[in-house]
Amino acid sequence: MGLLFRRRGGLSAAGQEPPSLRRSVTPPPAIPFVRDLNTPLLKLGPSLGDDWQLRHAFEGVHVTGSTGSGKSSGSGRHLALSYLRAGFGGIVLCAKSEPGEWDVWQEYAEQTGRSAQLIRFDDQGVYRFNFLEYAALTNLDDKGRLITMNLVELIMKMSEAASRGDELQGRAAEQPFWKLAPRELLSHAIDALWAAWGRLKLDEIVQLILTAPRKPEDFTSDKARESSFCLQTLHRAAYEPANPIEPRDLFIVLQYFQHNFATLDPETRSNIVTTMTSQFTPFLKGVMRELFCTETTIVPELTHEGAIIVLDLPVDRFREAGMMAQHLFKYLWQVATLRRDTREAVRPCFCWADEAQNFITPFDMQFQAVARSNRACTVYLTQTVSNYIAMIGGGTPRETTMAFLANFVTKIFHRNDDHATNEMAAEMIGRNLQLRAGSSRGFTAGEGRSRGDNQGWSSGSSSSYGNGGGGSINSGFSGGTNSGVSFNSGFSVGSTLSEQMDFEIQPGAFGYLRSGGPENGLCVEGVWFQAGRRFRANRGRNFLSVAFDQRVR
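Per UniProt numbering, the sequence shown starts with residue 1, numbered consecutively.
This is how it looks when you write it as structure tokens:
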């Protein structure tokens, strides 16, 4: 099966791969792939209709979980195996060397019968990718003319690995001169080299810039041309071109070098040159030059034929150079995937990045916005959103992070103790009316005593006299006492039930999710969230608690 370098917008010659690449790149053995968007990839719960389908994969997946939470061995493992079983191709970015992604994906490939499609692109193997040669041959219009600004954009992307925070926040545009001046220089250098020699090499771009004359009169000096690769290139472009360019374009290129660049203030010129050439240093020598600036035996389009390319240039080993190299390949893979002709069924392809904070760029947002229609899947895993916030920095890192994460419809939250991540997860899942129960109990006791005394006295006398004589006297006394004691007691019980708007899942609950291992029965818990979904197993809510078996094969 040949490589399909289909290009829209005039990016192809006869819709086939360039001959120079066709001879050196071998596609993997053909395998079938799923086509129906309703194909279930994972069964999330017992209820019918709670499957996770192919269409959902195209909407992007983001996974968070602290170190040891089981995000890679839990949901990550289940997703990867389902992708491979469904016939996906893709690229795998590597941050760590021990344990390395290559060993993990080698196991995945063996378990799914995909070992024949697995490719290891590392510093010890046979694969090479001359990115400028590839970019030139895949950026020709219908008349075979180079689309120069696409290559300028590619080369400028190389600097994003070192300034991703500025690019994501848009701060790189605060000084437009220093952003635009290197682009202008690159544009004219590329046109000159392509016209003169019919090839593009990174070291020759640098050589042309460094040997550009500093005096306009040198452009007519044969002696100056003998020692200037820039003048030799411009002369050949004008008189012996390998790829003739339009006369007007040639005039603009010559005018720029003779009357603009040559007359720039020395300090300004030095700043422009240093700003640009310093970005290329990792690719001008050593292993990165060997891998990315010599020949081409691997191209991103291999993933469209089913290859799984592991970019085994881990950041913890190769540092900035490894990061730049993977950014470069990832960007070209994204562009190649977007230009596929999807009028016919095309193979689903994925970009997989664990420790994703090392690999995000502004182009990810553009890519993910149209990934679904181009049958592309992105899976990013990281410990916390705080990783993104720290990497982005600046005045609005949280807002930028939230804008980035909004491009992923499926989000999986594993055990975490990061407050920002847990708060974000609770906010995303949302609030609902929650029943809150209350109870009360009471006991009362009392005692009373009373006592009283009363007494009285009465006396009287009477007398009477008569013929017979006589009289009487009487008196009396009365008294009494009374007393009393009383006791009383009581017991009361009350209960209340009220409705309140509150989080569906409290932020602190994410700290209690099981993280796998023998103590948890090799079970990893995660909260699976999809905006717009109504999971039947959770009474129509947009999230579901899912258990991932680490033993799945």
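A virtual CB, placed ideally from N, CA and C, is assigned to each residue, including glycine. Keep in mind it's a predicted model, so treat the numbers as computed, not measured.
Contact check for Thr384 against Asn416 passes: the beta carbons are separated by less than 9 Å. Remark: C-beta atoms of Glu519 and Val310 do not approach each other more closely than 9 Å. Counting along the chain, His62 sits inside the beta strand (DSSP E) bounded by residues Val61 to Thr64.
Look at Pro40 here: in three-state DSSP terms it is strand. Distance from Ala195 to Ala237 at the Cβ level is roughly 4 Å; contact confirmed, criterion being Cβ atoms closer than 8 Å. When C-alpha distances from Thr337 are compared across Ile360, Leu250, Val63 and Phe367, the shortest belongs to Phe367. In this structure, Arg339 and His304 do not form a Cβ contact; the two beta carbons are roughly 11 Å apart against a cut-off of 8 Å. Annotation: the continuous alpha helix (DSSP H) that includes Asp316 extends over Val315 to Leu338.
In this structure, Ile31 lies away from Arg120, with their beta-carbon atoms at least 9 Å apart.
Each of Leu264, Gly60, Asp50 and Leu234 was checked against the Cα of Val253, and the nearest Cα belongs to Leu234. Taken through DSSP and simplified to helix, strand or coil, Tyr127 comes out as coil. Counting only residues of its own chain and dropping the five nearest sequence neighbours on each side, Tyr127 has a CB closer than 6 Å to the CB of Phe121, Thr297 and Ile298. Distance from the Cα of Gly90 is smallest, within the candidate group Cys230, Glu301 and Pro216, for Glu301. By a beta-carbon distance limit of 8 Å, Leu41 contacts Leu54. Their separation comes to about 6 Å.
In the three-state reduction of the DSSP assignment, Phe58 falls in the coil class, being assigned neither a helical nor a strand state. Per DSSP, Lys411 is one residue of the beta strand (DSSP E) stretching across Thr410 to Phe413.
Under DSSP, Tyr380 takes part in a beta bridge, and its partners are His62 and Ala353. Pairwise C-beta distances place the stretch 60-73 in contact with the stretch 507-515, as three or more of them are shorter than 8 Å. In its chain, beyond the 5 residues on either side, Leu54 have a beta carbon closer than 8 Å to the beta carbon of Asp36. Taking a contact as a CB-CB distance under 8 Å, the pair Lys96 and Pro247 does not count as one, their CB atoms being some 53 Å apart. Restricting attention to Asp222, Ala321, Phe529 and Leu381, the CA atom closest to the CA of Lys285 is found in Ala321.
The continuous beta strand (DSSP E) containing Cys523 extends over residues Cys523 to Gln530.
Closest option to Gln255, judged by alpha-carbon separation, among Val287, Glu267 and Glu217: Glu217. Secondary structure at Phe33: coil, using DSSP grouped into helix, strand and coil.
Bridge partners of Ala547 according to DSSP: Glu525. For Ile155, the secondary structure class from DSSP, reduced to helix, strand or coil, is helix. Per DSSP, reduced to three states, the secondary structure at Phe88 is coil, with no helix or strand assignment. Here DSSP, grouped into helix, strand and coil, assigns Ile308 to strand. Here Ser82 carries a helix assignment [DSSP, helix/strand/coil].
When the beta-carbon positions are compared, Leu151 and Leu202 stay at least 9 Å from each other. In this structure, DSSP gives Phe359 a state outside helix and strand, which the three-state scheme calls coil.
Taking every protein chain shown into account, the CB of Lys143 has fewer than 16 other CB atoms within 10 angstroms, so this residue is exposed. A direct Cα-to-Cα measurement between Ala390 and Pro397 gives close to 8 Å. A Cβ-Cβ separation of about 6 Å places Met323 in contact with Asn358 under the 8 Å criterion. Judged by their CB atoms, Ile412 and Val61 are nearer to each other than the 9 Å cut-off.
In the displayed model, Gln506 falls within coil according to three-state DSSP, outside both helix and strand.
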